Amino acid sequence: MHPVAAYTIELFGIPSDAGASCRGTGMGPEAMRVAGVMETLATLGHKVTDRGDITWDGGSAGGTPWRLSSERQAEVLAIARQSSAHALAALSAGRLPMFVGGDHSLSMGSISGVARHCAAIGKPLFVLWVDAHGDFNTPATSESGNIHGMPLALLCGEPDFGPEYDGDWRGLVDPTRVTIFGARSIDRPERQLLGRRGVDVIDMRRIDESGVVALMREMLACVAAAGGHLHVSLDVDAIDPAIAPGAGTPVAGGLTFREAHLVMEMIHDSGTMGSLDIVELNPYLDQAGMSARLLVDLAASLFGRQIMPRQTARMDVNEAATSI
């Protein structure tokens, strides 16, 4: 058995709901801290440094009045510039950046920084987007105009974003190396665009038919075979709202408790993850911290917590990689 590697993790809170359809995700980072995310990861043997919450002009969105759409966009972009720089710096120093949100628009910056790092060292970047939604809308296709439904489209280079989204902070992702896992609510224009770009959308029907193990094993084997860097972006609404009610855009029929943990456990066993987002936790909608505790437990599985040691965990993924 390969020994479980100890990570050096840098945690960044992003207390913003500027890209979301409803308020509350700005309180997400503190809810995760209260639920014990730092202590849980440290107990597993990892070195965890809390870098605090990212700030920007205008301060934290968590306690400010609702703003005009232009002000919300400016906040999203200010956060993107900073989170991109933080991700790049952490990875360049050999650390694993972990961004805790906050709505999913934060991934515009976090994954941009990861992409810049991977491009600089010549390492292919793969993105696992664990989410009920595709988040592949553009300003031209989005019905709501909410930016948290657009980050993957921006990252994959869709052209409908204005010049305000350009800058040296922005990195690009190959859409054929993106996997959306757990999807069950995708708009029609978004569905067409995902198909044209070659994004692998593993919806709940595929999961029902093939099971988590086969689908995850295939995806992780591709990452391993390419010697890739895997970025995991976990949205709380990927999980069924019956056990994770703290989501602003809940969709029935999501991942079960065991399916969600199995996804995290298999990612850990593969040894391919190098960066992480946990997003869209809305404590205002949660029930006595139920979703926050579940996300902390999922993070624990992602970083190596096991019921019993598995002697063949990493070998399984490596063997699958050689068969591709």
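What the sequence shown shows, in the working numbering, is residues -2 to 321, in sequence order. The beta-carbon is built from N, C-alpha and C at its ideal position, and this holds for glycine as well. Predicted model only: the values in this text are computed from it and were never measured.
For the segment 198 to 281, the full-length alpha helix (DSSP H) segments reaching 4 residues or more read 201 to 207, 209 to 223 and 254 to 267 along the chain.
Judged by pairs of C-beta atoms under 8 Å, the segment 151 to 171 does not touch the segment 179 to 186, as fewer than three such pairs exist. Counting other Cβ atoms within 10 Å of its Cβ, ARG48 stays below 16 and is therefore classed as exposed. The C-alpha of MET270 is placed about 18 Å away from the C-alpha of THR173. LEU282 is the residue among ILE199, LEU282 and GLU155 whose C-alpha sits nearest the C-alpha of THR22.
The closest CA to that of HIS226, considering only MET29, LEU93, VAL34 and LEU149, is found on LEU93. Take the alpha-carbon of LEU151 and the one of GLU206: they are about 31 Å apart.
Taking the Cα positions, THR40 is about 18 Å away from MET261. Runs of the beta strand (DSSP E) lying entirely within the segment 93 to 147 and spanning at least 3 residues, in chain order: 93 to 98 and 122 to 127.
MET95 is the residue among GLU256, MET95 and PRO280 whose C-alpha sits nearest the C-alpha of ILE6. The C-alpha of GLN284 lies about 12 Å from the C-alpha of ALA28. Nearest to LEU169 by C-alpha distance, out of HIS130, ILE275 and GLY106, is GLY106. In the DSSP assignment, SER182 is bridged to HIS130. Taking the CA atoms as reference points, ASN143 sits about 6 Å from SER18. For a cut-off of 8 Å, the C-beta gap from GLY98 to GLU277 is around 7 Å, short enough to register as a contact. Separation of ALA297 and PHE123 (C-alpha to C-alpha, rounded to the nearest whole angstrom) is 22 Å.
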